[in-house]
Amino acid sequence: MLIALLSATLLAAQTVSDRTCLDDNNRDICAPAMRAELLANLGMVTAEEDAAAGVESYRVFFVDGYGRDMPALVFERRPGGGPMSVVYGSGGARLEAPVSPAIWDEVIARAEFADRRLVEPTSASTPNSAPAICLHAWNSTVEMTNSPVTRWQSEPVRRRTESACDGALTTRFAFFAAEQTLKAQPHCQGLDLDRQRNVVTLIATCMALKGDRVAAATVFDQIRDGRPRPDLDPLDRYAWQNYLGSNGSPRLNWGGEVVATQQGRDMNVAEFVIARLREHPSLRFYPATYDALDARRVVVTGQARYSEANAEGQEQGFSADFSQTWIWDPSLSEWMVSEWTVQPFAPRP
Numbered sequence: 023m024l025i026a027l028l029s030a031t032l033l034a035a036q037t038v039s040d041r042t043c044l045d046d047n048n049r050d051i052c053a054p055a056m057r058a059e060l061l062a063n064l065g066m067v068t069a070e071e072d073a074a075a076g077v078e079s080y081r082v083f084f085v086d087g088y089g090r091d092m093p094a095l096v097f098e099r100r101p102g103g104g105p106m107s108v109v110y111g112s113g114g115a116r117l118e119a120p121v122s123p124a125i126w127d128e129v130i131a132r133a134e135f136a137d138r139r140l141v142e143p144t145s146a147s148t149p150n151s152a153p154a155i156c157l158h159a160w161n162s163t164v165e166m167t168n169s170p171v172t173r174w175q176s177e178p179v180r181r182r183t184e185s186a187c188d189g190a191l192t193t194r195f196a197f198f199a200a201e202q203t204l205k206a207q208p209h210c211q212g213l214d215l216d217r218q219r220n221v222v223t224l225i226a227t228c229m230a231l232k233g234d235r236v237a238a239a240t241v242f243d244q245i246r247d248g249r250p251r252p253d254l255d256p257l258d259r260y261a262w263q264n265y266l267g268s269n270g271s272p273r274l275n276w277g278g279e280v281v282a283t284q285q286g287r288d289m290n291v292a293e294f295v296i297a298r299l300r301e302h303p304s305l306r307f308y309p310a311t312y313d314a315l316d317a318r319r320v321v322v323t324g325q326a327r328y329s330e331a332n333a334e335g336q337e338q339g340f341s342a343d344f345s346q347t348w349i350w351d352p353s354l355s356e357w358m359v360s361e362w363t364v365q366p367f368a369p370r371p
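Under the numbering used here, the first residue of the sequence shown is numbered 23, with each subsequent residue one higher.
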């Protein structure tokens with residue numbers, strides 16, 4: 023009882039302002055126009071439409087601590103079908119997997135108070151606490167359709183949005199739902215959670231994996247920054263050679279200029295990349311998708327970007343699409359680049 027009292031008091035003390043519907047960019051994520059835009063981007067209908075169609079669902083939306091919308095995590099049971107875990111991503115991307123009865127029942131049980139607000143006890147003995155500073159908080163929105171309220175009753179739609187600054191019942195259920203989503207999506211479990219901010223960002227990363235997602239996940243964990251490890255000198259040719267694959271013979275087409283490395287004889291590709299980095303110190307590579315054609319071949323696509331001062335002294339950005347084909351090296355148990363194509367750079371708007 024004492025622990026519960028102290029916990030509720032602490033949660034209330036951390037409230038610095040009413041940020042229930044405001045993200046880190048001060049967007050009102052509860053505004054109808056914002057909600058409609060988000061649903062359209064995710065390819066989802068409203069909770070009211072799901073309710074009218076007889077769908078029992080538990081929908082969770084996240085906005086991260088920098089005002090970015092994350093994939094929506096949904097447990098749903100549509101008429102004529104069994105329980106499903108569905109992850110809705112930007113541009114209509116989607117992950118689907120059946121849900122075990124144990125997970126489904128626990129989601130229902132944990133959702134009972136997900137739309138309730140935990141308030142501070144009013145006891146006169148409760149000590150006063152100075153307000154705490156809360157920065158870059160995540161926001162969670164939970165929507166439930168046709169979900170049980172009591173054993174015999176249900177409501178068409180239950181909904182609540184909460185800032186993690188005031189994190190309690192809604193926030194707890196939202197992150198519980200994320201953990202259950204990961205259990206239901208086994209191909210996402212190949213990603214290393216220790217290299218992610220949390221389970222939600224891991225699931226968002228999983229949305230970028232295509233084809234054989236197990237193979238794609240291992241490539242992601244090996245190269246996720248698109249460059250040698252952050253603790254290595256980016257101008258070290260040995261670091262780049264190891265990034266490309268110490269046992270490989272990569273071929274690089276840089277805007278029509280082709281260079282290749284012969285295994286064990288030279289470091290032509292590594293030295294070429296370093297030369298480009300010396301020309302453009304801000305040059306970075308940003309992988310975006312990981313498409314595993316099979317267990318031994320993964321195509322990574324993304325953008326290369328750099329910026330430099332123009333004639334007027336203003337910063338001008340440049341970008342180019344790139345693709346890499348990674349192949350599995352069984353002798354060293356690592357992935358290595360076989361082909362790398364960087365398109366010509368063009369000014370960014």
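Built from N, CA and C at the ideal position, the CB exists for glycine as well.
N-terminal and C-terminal residue of the beta strand (DSSP E) that residue i is part of
i	result
Asn-275	273-276
Phe-294	Phe-294 -> not in any beta strand (DSSP E); alpha helix (DSSP H) instead, spanning 290-301.
Trp-348	337-351
Arg-182	176-185
Met-12	For residue 12 there is no data in the structure shown, the boundaries of the chain being 23 and 371.
Glu-98	94-99
Start-to-end residues for the alpha helix (DSSP H) that takes in residue i
i	result
Gln-47	It is worth fixing the name first, because residue 47 is Asn in this sequence and not Gln. It is not in any alpha helix (DSSP H) - Asn-47 carries neither H nor E in the DSSP assignment.
Ala-69	69-74
Proximity of residue i and residue j at Cβ, strictly below 7 angstroms
i	j	result
Ser-185	Phe-84	no
Val-108	Ala-238	no
Arg-182	Thr-193	no
Ala-326	Phe-307	yes
Asp-86	Ser-79	no
Gly-233	Ala-317	no
Glu-361	Arg-259	no
Tyr-328	Ser-304	yes
Tyr-312	Ala-230	yes
Val-281	Met-92	no
Glu-12	Arg-81	Residue 12 lies beyond the stretch modelled for the chain, which goes from 23 to 371, so this question has no answer here.
Phe-97	Val-67	no
Asn-47	Gly-89	yes
Gly-295	Trp-348	The residue asked about is misnamed: residue 295 is Val in this sequence, not Gly. No, they are not a contact pair.
Thr-167	Val-77	yes
Arg-235	His-209	yes
Val-121	Gly-267	no
Asn-275	Thr-283	no
Leu-95	Thr-203	yes
Thr-323	Ala-342	no
Cys-187	Arg-41	yes
Trp-160	Val-241	no
Phe-340	Pro-369	yes
DSSP beta-bridge partners of residue i
i	result
Asn-168	The partner list for Asn-168 (beta bridge, DSSP) is empty, contrary to what the question assumes.
Phe-307	Ala-326
Thr-163	Phe-83, Thr-183
Met-56	Paired residue(s): none; Met-56 is not in a bridge.
Val-108	Val-96, Glu-118
Val-321	Asp-313, Thr-347
Asp-137	Answer by DSSP bridge pairing: none, since Asp-137 is not bridged.
Arg-78	Per the sequence shown, the amino acid found at residue 78 is Glu instead of Arg. BP columns for Glu-78 point to Arg-99.
Under the three-state DSSP convention, the category residue i falls into
i	result
Thr-31	Because Thr-31 carries a pLDDT of 34, less than 50, the predicted location of this residue cannot be relied on, and the following value inherits that uncertainty. Three-state DSSP puts Thr-31 in a helix.
Thr-283	coil
Asn-63	helix
Gly-114	helix
Trp-126	helix
Ser-268	coil
Ala-368	strand
Ala-190	coil
Ala-333	coil
Minimum Cβ-Cβ distance from residue i to chain B less than 7 angstroms
i	result
Leu-274	No chain B is part of this structure, which consists of one protein chain only.
Worksheet item: Hey, which unbroken runs of the alpha helix (DSSP H) at 4 residues or more fall wholly within the region 198-262?
Response: 221-228, 235-245
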